[in-house]
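The structure under discussion appears below in the form of structure tokens.
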Amino acid sequence: MGSTPDVYTTLKEQLKGSGAEVLMPDDGEKYEQSIKRWSEHCEKRAACVVKATSPADVSTTLSFIRAHKIPFVVRGGGHSTSGSASIEGGLVIDLSLMRRVSVDPEKRTVRAEGGAIWEDVDVEAAKFGLATVGGTVNHTGVGGLTLGGGYGYLTGKYGLTIDNLLSVDMVLASGEQVTASETENADLFWAVRGAGQNFGVVTAFTFRGYPQANPVYAGTLIFLPDKLPQIVEFANKFHDKNDGNQALLWGFSCPPPDNAPVVLAQCFHNGTEDEGAAFFKELVDAGPVANMIAMVPYEKLNSLLNPAAGFDGRKMFGGGAFKLPLNPAFVQALHADFLDFVNAHERMGESLLLFETIPYAKVVGVPNEKMAFSNRGNYYNVATCFKWFDAKLDDEIRAFSRSLLKKASQTAGVAQDEAVRAVEGVGQYGNYATDADVPASEIYGSNAKRLEELKHKYDPDNLFNRGTRLVPRQLVVVN
Ligand SMILES: Cc1cc2nc3c(=O)[nH]c(=O)nc-3n(C[C@H](O)[C@H](O)[C@H](O)COP(=O)(O)OP(=O)(O)OC[C@H]3O[C@@H](n4cnc5c(N)ncnc54)[C@H](O)[C@@H]3O)c2cc1C
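In full-length UniProt numbering, the protein residues as written are 1 to 479.
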């Protein structure tokens, strides 16, 4: 393996004049900034970071990687908590200089480069009165979120981010630049929608845009924990009452400055103030200690949760599923478990357990075999996002997150049988399953087999092997 600094000097030469930046540890602050990630525990000291500016830079870098057998990762927005976008000693293909977004108002399409963040998309699309299904925190990357599926406030109306993906421009392991869509490299497009990070570097995404009224009704209600039963009752009614234009993200935290336990409810209605107020009346009347709901410009919607998603500390996402109605006593027991754990450790108050009540009728309107993504079922996602500062707690937190999610997912009744899960949904959102122990079959159900075949076709040497659970068919070890 030729991953010595001399090798990277050769790469620097090859990329000279292209616009790409090639950074190494002796490049000081620029290098230090380039290895920063949303979660501190994903920051690793790469031997070389290539900040690409074009598909050609990516292709040159991949050819170099192949020739010198260099371990590498791809960095989109840098938000995954699995560590799959950072590497100790290897090379990072960093897409953060590729954030241009362009809109075709006639065709109502939005094209975003592979390193764009959702803020780039929301702001540019809004200039044309359009929106697409983006993430609920706008500094998250378009890349990782889209390739893993993508849920947002507009999911109730338009489905997942991938349901609105029209095509991708990609650089494959071979260095070849291709386009994938329903009509071009359709098998690759099938794989990209749910498992894309295993198949190449996406240099541009083209999404369907929708006319978006402005402003929208949205914001956070903060309750003391004694109101939890009323919030659960509201969520139970939400299930039947919503018409796809609403979303409700609710859960537990102990935020600073005083780190006292609270129950948060993030409310969204895509419509007028009167409609929103009527829909959420019962929740607002339940007596929050703070009410931050307002009419906000659509392009600001995905920034409302940014303060709860700061860049400091170690963090880990985990995912499961739940069904409504929920029994308030069951949720109170989960809350007690959460608080016991958080209170027993220092500086964990910003951790979250979140019940993502995003209407799923549109999501399940697409069968699980239609694309690689396999988490379409009659249930909602539940997510943990633990935040801590002491590296010694990493393993303990991972184990607790797993056990809490198992308990929280009891109501989902996700089938154990793989064939049934394939139809009814796996009950696990891949982008939240950042625990490396979660196998491919749990994320992709029976789609995993086809993915192994396609991996053999598009990445036979398993170049894209970091933080992914799929291996090409001929490399699968049969016990
Ligand atoms: C604060 C926060 C809020 C979130 N909110 C939501 C939400 O509302 N909805 C939702 O669905 N998910 C949400 N997520 C989860 C999110 O989808 C994942 O964390 C996702 O991995 C983030 O993508 P990224 O590009 O920022 O991450 P990165 O860490 O850069 O990338 C994640 C993975 O994708 C690969 N990758 C990224 N870009 C490309 C590319 N262009 N080509 C090839 N591979 C690429 C990377 O190699 C890596 O394996 C949230 C996460 C955070 C931290």
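All residues carry an ideal CB built from backbone N, CA and C; glycine is no exception. Bear in mind that the values here come from a model prediction, so they are computed numbers and not experimental data.
CB contact flag (residue 149, residue 162, <7 Å): Within the sequence shown, numbered from 1, the residue matching residue 149 stands at position 149. Within the sequence shown, numbered from 1, the residue matching residue 162 stands at position 162. Residue 162 sits close to residue 149, with the two beta carbons spaced by under 7 Å.
Helix, strand or coil at residue 230 according to DSSP, with G and I counted as helix: Counting from 1 along the sequence shown, the entry for residue 230 is found at position 230. Shown here, residue 230 sits in a helix according to DSSP, grouped into three states.
Would residue 33 be called buried (16 or more neighbouring beta carbons within 10 Å of its own) or exposed? Working through the sequence shown from its first residue, we reach residue 33 at position 33. Exposed: under 16 other Cβ atoms inside 10 Å.
For residue 289, count neighbouring Cβ atoms within 10 angstroms of its own Cβ and tell me buried if that reaches 16, exposed if not. Counting from 1 along the sequence shown, the entry for residue 289 is found at position 289. Under this definition residue 289 is an exposed residue.
Taking the runs of the alpha helix (DSSP H) that are 4 residues or longer, which of them lie wholly in the segment 47–116? The segment 47–116 contains these whole alpha helix (DSSP H) runs: 55–68.
Can you look up residue 460 in the DSSP assignment and give me helix, strand or coil? Locating residue 460 in the sequence shown gives position 460, where the first residue counts as 1. Residue state, collapsed to three classes: coil.
Buried or exposed: which applies to residue 316, given that a residue is buried once 16 or more other Cβ atoms fall within 10 Å of its Cβ? As a first step, residue 316 must be located in the sequence shown, where it is residue number 316. Around the Cβ of residue 316, a 10 Å sphere holds 16 or more other Cβ atoms; the residue is buried.
Proximity to residue 362 [Cα-Cα], best of 377, 441, 135, 352: As a working note, residue 362 is residue 362 in the sequence shown. Considering only 377, 441, 135, 352, the residue with the shortest C-alpha distance to residue 362 is 377.
Cβ separation of residue 269 and residue 217, assumed to be a contact under 8 Å, to the nearest whole Å: To locate residue 269, count along the sequence shown from 1; it is residue 269. To locate residue 217, count along the sequence shown from 1; it is residue 217. Between residue 217 and residue 269 the Cβ distance is about 4 Å, and since that is below 8 Å, they are a contact.
Tell me which same chain residues have a C-beta within less than 7 Å of the C-beta of residue 143, skipping the five on either side of it? Numbered from 1 along the sequence shown, position 143 holds the residue referred to as residue 143. Result list for residue 143: 76, 77, 95, 114, 115, 202, in chain order.
If you draw a straight line from the C-alpha of residue 440 to the C-alpha of residue 453, how long is it? Against the sequence shown, residue 440 aligns to sequence position 440. Against the sequence shown, residue 453 aligns to sequence position 453. Taking the straight line joining both Cα atoms gives about 14 Å.
Under a three-way DSSP split, which group does residue 194 fall into? Indexing the sequence shown from 1 puts residue 194 at position 194. Correct three-state label for residue 194: helix.
What is the residue span of the beta strand (DSSP E) that residue 222 lies within? What you label residue 222 is simply residue 222 of the sequence shown in a count that begins at 1. Note, residue 222: beta strand (DSSP E), 216–223.
If you run the structure through DSSP and keep just helix, strand and coil, what is residue 244? For the purposes of this step, residue 244 is taken as the residue at position 244 of the sequence shown. Here residue 244 sits in coil by DSSP.
Three-state class that DSSP yields for residue 3 in the structure shown: Here residue 3 refers to the residue found at position 3 of the sequence shown. Low per-residue confidence applies at residue 3: pLDDT is 49, beneath 50, and the placement is therefore not dependable enough to give any value.
Could you say if the segment 293–305 and the segment 130–140 meet the contact criterion of at least three C-beta pairs nearer than 8 Å? A contact exists between the segment 293–305 and the segment 130–140.
Start and end residues, alpha helix (DSSP H) containing residue 299: Residue 299 sits at position 299 when you count from the first residue of the sequence shown. Unbroken alpha helix (DSSP H) run through residue 299: 298–301.
Determine whether the beta carbon atoms of residue 83 and residue 48 lie at a separation below 7 Å. Taking the first residue of the sequence shown as position 1, residue 83 is located at position 83. Taking the first residue of the sequence shown as position 1, residue 48 is located at position 48. By the CB criterion at 7 Å, residue 83 and residue 48 fall outside the cutoff.
For residue 431, verify whether its CB is less than 6 Å away from any heavy atom of ligand 1. Stepping through the sequence shown from its first residue, residue 431 is reached at position 431. Ligand 1 has a heavy atom closer than 6 Å to the beta-carbon of residue 431.
Residue environment, residue 445, which counts as buried when at least 16 other CB atoms sit within 10 Å: Here residue 445 corresponds to residue number 445 of the sequence shown, with the count starting at 1. By the 16-neighbour rule on beta-carbons within 10 angstroms, residue 445 is buried.
Distance, Cα to Cα, residue 51 vs residue 97? Position 51 of the sequence shown, counted from the first residue, corresponds to residue 51. Position 97 of the sequence shown, counted from the first residue, corresponds to residue 97. Distance between the alpha carbons of residue 51 and residue 97 is about 6 Å.
What beta strand (DSSP E) runs, 3 residues minimum, are completely inside the segment 361–389? As far as the segment 361–389 is concerned, its whole beta strand (DSSP E) runs of at least 3 residues are 380–388.
Is any heavy atom of ligand 1 found at a distance shorter than 6 Å from the C-beta of residue 174? Mapped onto the sequence shown, residue 174 falls at position 174. No; taking the cut-off as 6 Å, the Cβ of residue 174 has no heavy atom of ligand 1 nearer than that.
Does the separation of the CB atoms of residue 273 and residue 295 fall below 7 Å? For the purposes of this step, residue 273 is taken as the residue at position 273 of the sequence shown. For the purposes of this step, residue 295 is taken as the residue at position 295 of the sequence shown. Cβ distance < 7 Å, so residue 273 and residue 295 count as in contact.
Assess, as a yes-or-no matter, whether the segment 339–354 is touched by the segment 385–397 under the definition of 3 or more beta carbon pairs within less than 8 Å. The segment 385–397, when compared against the segment 339–354, does touch it at the 8 Å Cβ threshold.
Which term fits residue 522, buried or exposed, when burial requires 16 or more other beta carbons within 10 angstroms of its beta carbon? This structure gives no information on residue 522, because the portion of the chain shown stretches from 1 to 479.
Check whether the Cβ of residue 171 sits closer than 6 Å to any heavy atom of ligand 1, and report yes or no. Taking the first residue of the sequence shown as position 1, residue 171 is located at position 171. Outside the cutoff, so no.
Figure out for me which residue from 390, 354, 401 has the closest Cα to the Cα of residue 381. Position 381 of the sequence shown holds residue 381. Closest by alpha carbon: 354.
Compute the Euclidean distance between the alpha carbons of residue 104 and residue 351, then round it to the nearest angstrom. For the purposes of this step, residue 104 is identified with residue 104 of the sequence shown, where counting begins at 1. For the purposes of this step, residue 351 is identified with residue 351 of the sequence shown, where counting begins at 1. Answer to the nearest angstrom: the Cα atoms are 40 Å apart.
Helix, strand or coil: how does DSSP classify residue 267 here? Working through the sequence shown from its first residue, we reach residue 267 at position 267. Three-state DSSP puts residue 267 in a strand.
Only counting runs of 3 or more residues, tell me where the beta strand (DSSP E) segments fall wholly within the segment 105–185, in order along the chain. Counting whole runs of 3 or more residues, the segment 105–185 contains the beta strand (DSSP E) stretches 109–113, 165–171, 177–181.
Proximity below 7 Å, CB of residue 282 to CB of residue 123: What you label residue 282 is simply residue 282 of the sequence shown in a count that begins at 1. What you label residue 123 is simply residue 123 of the sequence shown in a count that begins at 1. No.
What do you reckon, are the CB atoms on residue 198 and residue 400 nearer than 7 Å? Mapped onto the sequence shown, residue 198 falls at position 198. Mapped onto the sequence shown, residue 400 falls at position 400. With respect to residue 400, residue 198 sits apart: the two C-beta atoms are not nearer than 7 Å.
Beta-carbon contacts of residue 12 that lie in its chain and below 7 Å, excluding the five residues immediately before and after: As a working note, residue 12 is residue 12 in the sequence shown. The beta carbon of residue 12 is closer than 7 Å to those of 22 in its chain, skipping five residues each way along the sequence.
Would you check if the distance between the CB atom of residue 310 and the CB atom of residue 375 is smaller than 7 Å? To locate residue 310, count along the sequence shown from 1; it is residue 310. To locate residue 375, count along the sequence shown from 1; it is residue 375. Cβ atoms of residue 310 and residue 375: not closer than 7 Å.
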